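Structure record follows, encoded as structure tokens.
Numbering (the numbering used here), first residue to last: 17 to 224.
See the structure below:
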């Protein structure tokens, strides 16, 4: 939805700029011999729109080619959803969740990503090959995911890597009506995200 809105705004900006350019810099009369100024203005707008779209496309291509895109989504394995509904009977029950990581683009330095559980929950990582880049910061409460470790042996360009980290979520105390979220967050002190894009989808924890 956001992408569609952005595209429409971009087209509107291009049309406005093309209209202004056609007024101050008419060039169609160099290519076509038509006395009608309205038709010439239409040609001018079309020419400048083409130039504007081509320029935007070139910039967008360069940007996407040179940036690193990281997508992280947290899902409940049992319910296969981005929403986990918990009841009183789920106290101390081991609930499996997973963090899906998709990395694409050009190799770049990445910020550390933290995963912290809300109050009344515990989180335990399942030890396997994919957990080698996961570090426990606070016992069963907060973890740190090091994307740079994942990228250690990757090529400099054309990266396409997927990883899956499995966790066990434990509900310590049931509070009916609680609506919390489990989400991966980047280091707030990271200042160089211009070419490193992180898109994180959260898991809703709803107690009923």
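By construction, the Cβ of each residue, glycine as well, lies at the ideal position given by its N, Cα and C atoms. From a predicted model like this one, the values you see are computed outputs, not experimental measurements.
With burial defined as no fewer than 16 other Cβ atoms inside 10 Å of the residue's Cβ, what is the status of residue i: buried or exposed?
i           : result
residue 91  : buried
residue 73  : exposed
residue 64  : buried
residue 142 : exposed
residue 133 : buried
residue 166 : buried
residue 223 : buried
residue 38  : buried
residue 202 : buried
residue 174 : exposed
Just grab the DSSP bridge partners of residue i for me.
i           : result
residue 155 : Paired residue(s): none; residue 155 is not in a bridge.
residue 87  : 118, 215
residue 220 : 99, 197
residue 20  : Answer by DSSP bridge pairing: none, since residue 20 is not bridged.
residue 111 : 185
residue 160 : 130, 151
residue 202 : 129
residue 92  : 97, 113
Grab the span of the beta strand (DSSP E) containing residue i for me, first residue to last.
i           : result
residue 183 : 175-187
residue 196 : 195-198
residue 140 : 137-141
residue 130 : 129-132
Determine the extent of the alpha helix (DSSP H) in which residue i is found, giving its start and end residues.
i           : result
residue 73  : 53-82
residue 166 : 163-166
Tell me whether the beta-carbon of residue i lies closer than 9 Å to the beta-carbon of residue j.
i           : j           : result
residue 47  : residue 59  : yes
residue 150 : residue 163 : no
residue 185 : residue 199 : no
residue 28  : residue 211 : no
residue 136 : residue 194 : yes
residue 62  : residue 89  : no
residue 123 : residue 170 : yes
residue 188 : residue 107 : yes
residue 190 : residue 76  : no
residue 144 : residue 182 : yes
residue 68  : residue 30  : yes
Report yes or no: do three or more beta-carbon pairs, one from the stretch 120-135 and one from the stretch 99-109, lie closer than 8 Å? As far as the Cβ criterion goes, the stretch 120-135 does not touch the stretch 99-109, which means the pair count is below three.
Is the number of C-beta pairs between the stretch 176-187 and the stretch 52-59 that are closer than 8 Å three or more? When C-beta atoms of the stretch 176-187 are compared with those of the stretch 52-59, fewer than three pairs fall below 8 Å, so the two segments do not count as touching.
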